[in-house]
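So the sequence shown is residues 5 to 199, counted in this note's numbering. The beta carbon of each residue, even a glycine, is placed where N, CA and C say it ideally should be. All remarks here apply to the structure that follows.
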Amino acid sequence: MPKQQQAKSSLNVFVALLRGVNVGGSNMISMSSLKESFETMGLAQVTTYINSGNIVFKTKEGDARKLEKKIEQMLSKEYELGSKVVVRSLREMEELVKSLPPAWNGGDSSWRYNVIFLRHTIDSENILADLPVKSDVDHLTYRPGALLWSAQVSELPKSYMAKLSSRKIFQDMTVRNLNTTRKLCELMKKVDQSA
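Shown next, in the form of structure tokens:
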């Protein structure tokens, strides 16, 4: 096996999804500073996407839980940020994107489509029982590691899920819209292809 291919195959591609970064004027962190912090941790080909705490990287480490802990410790030490992090592998992101409902492909602007990424502490289909959604407003589906939530924009004021941020369980979730989720998966594939 050529050396370059061998090096590529020994590195895993992950995305770190940070909670509550640069939202509503709080927890402001520059993405270039965050990129440097990830590189200092020994992570390779670090790439950020938009200004809300999405960081793609390569590493020899294969355990997402260890990476979450390491990243959380760095955020606490360097930025005094106590929020939790969700880390997903390229394989997990590809499977998630492939599993999106066909209705999500229509690009209907009268609907809002969000992926709610779950930390391992609450990742179970049983979580649906704890979320009393209004079936005439919210559409909620479980996928391993995520909830797929859609609602008509006009109905959002009536949505239970739109008010989820006030519940304790929300501390173990982070939300990305459909476009961001797809873009992150594409970006992870590009990083995986690069030497």
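Open item on the list: So within the stretch 60-114, which uninterrupted beta strand (DSSP E) runs reach at least 3 residues, ignoring any that extend past its ends?
Closed with: Fully enclosed beta strand (DSSP E) runs of 3 or longer: 89-93.
Task: Three or more C-beta pairs below 8 Å linking the stretch 88-95 and the stretch 68-75 - done: Judged by Cβ distances under 8 Å, the stretch 88-95 makes contact with the stretch 68-75, as three or more pairs qualify.
- [ ] Please classify ASP140: is it buried, with 16 or more other beta-carbons within 10 angstroms of its beta-carbon, or exposed?
- [x] Its Cβ having fewer than 16 others within 10 Å, ASP140 is exposed.
Open item on the list: Can you confirm whether the stretch 128-139 touches the stretch 102-116 when touching is taken to mean that 3 or more C-beta pairs between the two stretches lie within less than 8 Å?
Closed with: The answer is no - the stretch 128-139 does not touch the stretch 102-116, with fewer than three Cβ pairs under 8 Å.
Task: Integer-rounded CB distance, given that ASP196 should sit under 8 Å from VAL17 - done: The C-beta distance from VAL17 to ASP196 rounds to 5 Å, short enough to fall under 8 Å.
Open item on the list: So, does the stretch 153-165 touch the stretch 188-195, judging by three or more C-beta pairs under 8 Å?
Closed with: Three or more Cβ pairs closer than 8 Å define a contact, and the stretch 153-165 falls short of that threshold against the stretch 188-195.
Open item on the list: For a quick check, are the C-beta atoms of VAL119 and THR185 less than 7 Å apart?
Closed with: Taking 7 Å as the Cβ cut-off, VAL119 and THR185 qualify as a contacting pair.
- [ ] Mind checking which residues open and close the alpha helix (DSSP H) that includes VAL195?
- [x] Annotation for VAL195: the continuous alpha helix (DSSP H) segment containing it runs 182-197.
Open item on the list: Here's the rule: buried if 16 or more other CB atoms are within 10 angstroms of the residue's CB, otherwise exposed. What is ILE59?
Closed with: ILE59 is buried by the Cβ-count criterion.
Task: Extent of the continuous alpha helix (DSSP H) run through PHE42 - done: DSSP places PHE42 in the uninterrupted alpha helix (DSSP H) bounded by 35-44.
TODO: Quick one: grab the DSSP three-state call for SER14.
DONE: If DSSP states are grouped into helix, strand and coil, SER14 belongs with coil.
Task: ARG116 vs ASP176 beta-carbon contact at 7 Å - done: The answer is no: Cβ separation not under 7 Å.
Task: Simplified DSSP state of ASN58, which is helix, strand or coil - done: In this structure, DSSP gives ASN58 an extended state, which the three-state scheme calls strand.
Task: DSSP three-state assignment for SER170, whether helix, strand or coil - done: Residue state, collapsed to three classes: helix.
Task: Straight-line Cα distance separating LEU47 from LYS12 - done: In this prediction, LYS12 has a pLDDT of 45, which is less than 50 and means its spatial position is unreliable; what the coordinates show is noted afterwards. Spanning the alpha carbons of LYS12 and LEU47 requires a straight line of approximately 14 Å.
Open item on the list: Going by DSSP, what residue range makes up the beta strand (DSSP E) through ALA133?
Closed with: In this chain, ALA133 is not harboured by any beta strand (DSSP E), its DSSP state being neither H nor E.
Task: Boundaries of the beta strand (DSSP E) in which LEU152 is found, first to last residue - done: Counting along the chain, the beta strand (DSSP E) containing LEU152 begins and ends at 150-156.
Task: Nearest-angstrom Cα separation, counted from PHE61 out to TYR53 - done: TYR53 and PHE61 have their alpha carbons spaced roughly 11 Å apart.
- [ ] Would you mind stating whether SER87 and GLY149 have Cβ atoms separated by less than 7 Å?
- [x] Result no, Cβ atoms of SER87 and GLY149 do not sit closer than 7 Å.
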